[in-house]
Amino acid sequence: MPYVLSHGKSPHGTDWINESAAECYLPLLHGLDRLHKEGIKAHWTVNLTPILVEQLEDPEFKSGFEGYCESKIDAALSDQKRFDAEGPMWMAGLAEFWKRRYARSLDEFRNRWGRSIIEGFKFFQDNGSIEIITCGATHGYLPLLGTDESCSAQVKLGVESYKKYFGRQPRGIWLPECAYRPAYDWKAPVGQNEVAWPRRGVEEYLAENGLEYFFVDSHMIRGGEPLGTYAANFPQLAEMFARSKKMFTPPEEFRSEYEHYALPNGEVCYARDPQTTVKVWSGETGYPGDEWYLEFHKQLYPGRLRYWRISPNKRDLGQKQPYDPYTAFERIGHHAEDYVRTLKSTLATYRGVSDREGTLVAMYDTELFGHWWFEGPEFLYEVSRAIHHDPELQAATGGQVLDADPARHMITLPEGSWGEGGYHYIWLNQDNSWTWEKLYPAERKMRQMARDFGDGPSKELVQQAGRELLLAEASDWQFLISTFAAKDYAEIRFNDHIDRFTRLATLAETVHAGGTLTAADVAFLDECKEKDKVFADLDLNLWKPLSETPRAMAGVSAKRE
């Protein structure tokens, strides 16, 4: 979830986080609570990205979310009156369904979790039901960030934020977009006259921050070449892939996504299972596309509540039939049974091949459950119950697997992600390469400011510049530009953070040189602090230059300024 709170006059898109809280996070907590009361520990591994945690703990979100739920209850009441007067009566019943649904969300938010969704997840981690892992601070795409210091800051701040909110050291991390890069002589894929210089591997940032494991896509475990046709479309990617491939040893031994492996520095990687991915993720052939489930795209305005099911004709919104929650929830049980059968058959096949028990890692975007697939949280609840009562299966978090079954084999990984094509194409292409052209100079400038005058009179300005840079580094912007899901919005948001960073950096230089801020400058700084007020007391040591080898200093001394 990118930073979407609206602090100030320019709304960012607060509905995104309100929808996710009402449709995903609270229903997941509701399912965990039901399992807890039944004596069942789900053993889910849940990533809460630091920038999401910052927003969920913000007082503006908490008051805004209560108003959001109340507006949905009012919309349901209005729809109900309309259906009572005009028909059909079945729709009036669905309006009552929505009224009760949002009333439950509001009640649980206020009374069960004390207005803190984060405290809810912390409760279930503390009682052993789940394991929470961290992420890059703002979901920055680590392989493409322009400096080692920017990568280090994303990981280090992710760990510090986790300790602040959950009171313990995280064991695992969700690499943003499952994107990994080994150590090699890296050259920026955009810009003129760039020079190759030695970059740290992603696993090095993890190890120095006490993290033990991360996740990748299955093709990276098997050592496939994911670049495909993108080499012709974007030659810079082909050059990056060729450089990283020199550091990767193709596997001679059998590799499987049902094993976990240690990298040479001891970090452990898990890989996504492809068999269960399609069943849960695909809206065409998977469970979420069932004709009886709630249709996501058709809404009744102005309240934007949904009253229709997917129906046999998936593409024609005009042919959608009324939603029947009773039949839909019967389908959930059937799909949970099928999912458990798939788990068992997949693991049995691996046992036959390897003569040992395997670990199946099924991982998905959280917002799939409840937002895109309304019945998803109930599906997870049913699956957890079924696994708990099945003697042939055992649910386990990432940390529990490491404790019970340490990695048996050491491997190296190629560069890649879980995006289209398995590489970086979604986050670096003709449509969004300009974002990196703006980001790289800002990252180098941030390192220089942290080193030269971060502790002086410019500190407050440099801190806010750091916040703007972190927000600009979010991988969401490149993704939204590539997919055209919210292209204009993403471009505006990215440029806004870069423009603010640039002006703050200029002001920091002025103050460092002995100058003073004008009234307009002070007003601008105050506006930035109010609008983008994340990561209080931001530590500028996050960006101070890391130790460098003589080769690195000699090769790129000019570039690294």
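Under our numbering, the first residue of the sequence shown carries the number 1184, and numbering increases by one thereafter. In this text, a Cβ means the ideal position worked out from N, Cα and C, and glycines have one as well. Keep in mind the model is a prediction, meaning the values are calculated, not measured.
The beta carbon of Ala1648 sits closer than 6 Å to the beta carbons of Phe1684, Leu1687 and Ala1688 from its chain, once the five residues preceding and following it are set aside; these are given in chain order. A contact between stretches requires three or more CB pairs, one per stretch, nearer than 8 Å, and the region 1452-1463 meets this requirement with the region 1386-1405. Between Val1338 and Leu1289, the CB-CB gap reaches or exceeds 8 Å.
Judged by their CB atoms, Gly1374 and Glu1620 are nearer to each other than the 8 Å cut-off. In the displayed model, Tyr1672 falls within a helix according to three-state DSSP. Within its own chain, the residues whose Cβ lies closer than 6 Å to the Cβ of Ala1379, once the five positions on either side in sequence are excluded, are Asp1368 and Lys1370, listed in chain order. Put simply, the region 1230-1243 touches the region 1298-1308. At least three CB pairs are less than 8 Å apart.
Excluding its 5 nearest sequence neighbours in each direction, Ile1515 has C-beta neighbours in its own chain below 8 Å: Glu1558, Glu1561, Phe1562 and Glu1565, listed in chain order.
Residue burial is scored here from C-beta neighbours: Leu1653 has at least 16 other C-beta atoms within 10 angstroms and is therefore classed as buried. For Ile1493 against Asp1473, the beta-carbon gap comes to about 7 Å, under 8 Å, which counts as contact. Ala1625 sits in a helix when the DSSP states are folded into three classes. A distance below 6 Å between beta-carbons, with the five flanking residues on each side excluded, links Ala1633 to the following residues of its chain, in chain order: Leu1723, Trp1726 and Lys1727. With contacts defined as CB atoms closer than 8 Å, Tyr1441 and Leu1596 fail to qualify as a contacting pair. Taking every protein chain shown into account, the CB of Gly1697 has fewer than 16 other CB atoms within 10 angstroms, so this residue is exposed. Segment contact: the region 1704-1722 against the region 1663-1672, fewer than three CB-CB distances shorter than 8 Å; contact not assigned. Annotation: Leu1622 to Glu1332 spans about 13 Å, alpha carbon to alpha carbon.
Tyr1396 has Gly1355 and Val1451 as its beta-bridge partners, per DSSP. The alpha carbon of Ser1189 has as its nearest neighbour, out of Arg1568, Thr1618, Gln1661 and Phe1248, the alpha carbon of Phe1248.
In the three-state DSSP reduction, Thr1580 falls in the coil class, being neither helix nor strand.
Trp1357 is positioned such that its CB atom lies no closer than 8 Å to that of Pro1505. Between Ile1594 and Leu1477, the beta carbon gap of about 42 Å keeps them out of contact (Cβ cut-off 8 Å). Annotation note: the region 1502-1585 contains the following uninterrupted alpha helix (DSSP H) runs of length 4 or greater, listed N- to C-terminal: 1508-1537 and 1559-1571. The C-beta distance from Gly1599 to Ile1609 rounds to 12 Å, too long to fall under 8 Å, and the pair is not in contact.
Just so you know, the alpha carbons of Phe1307 and Thr1228 end up roughly 11 Å apart. DSSP places Arg1298 outside both helix and strand once states are collapsed to three, so it counts as coil.
Inclusion of Thr1525 and Thr1459 in the CB contact set at 8 Å is warranted, their separation being smaller than that value. Between Gln1661 and Leu1231, the alpha-carbon positions lie close to 21 Å from each other. Taking a contact to require three or more Cβ pairs closer than 8 Å, the region 1636-1647 and the region 1671-1678 do not qualify as touching.
Residue state for Ile1256 is assigned as helix, using DSSP reduced to three classes. Secondary structure of Asp1290 (DSSP, three-state): helix. Inter-residue distance for Ser1439 and Ile1316 is about 24 Å (C-alpha atoms, whole angstroms). Between Gly1541 and Tyr1547, the C-beta gap is not smaller than 8 Å, which leaves the two residues out of contact.
If you look at Cys1318, you'll find it in the beta strand (DSSP E) that goes Ile1313 to Cys1318. The residue from Trp1475, Lys1255 and Leu1327 with its alpha-carbon nearest to that of Arg1382 is Leu1327. For Asn1201, the uninterrupted alpha helix (DSSP H) segment begins and ends at Asp1198 to Ser1203. Cβ neighbours of Gln1646 within its own chain (closer than 6 Å, five residues either side excluded): Leu1721.
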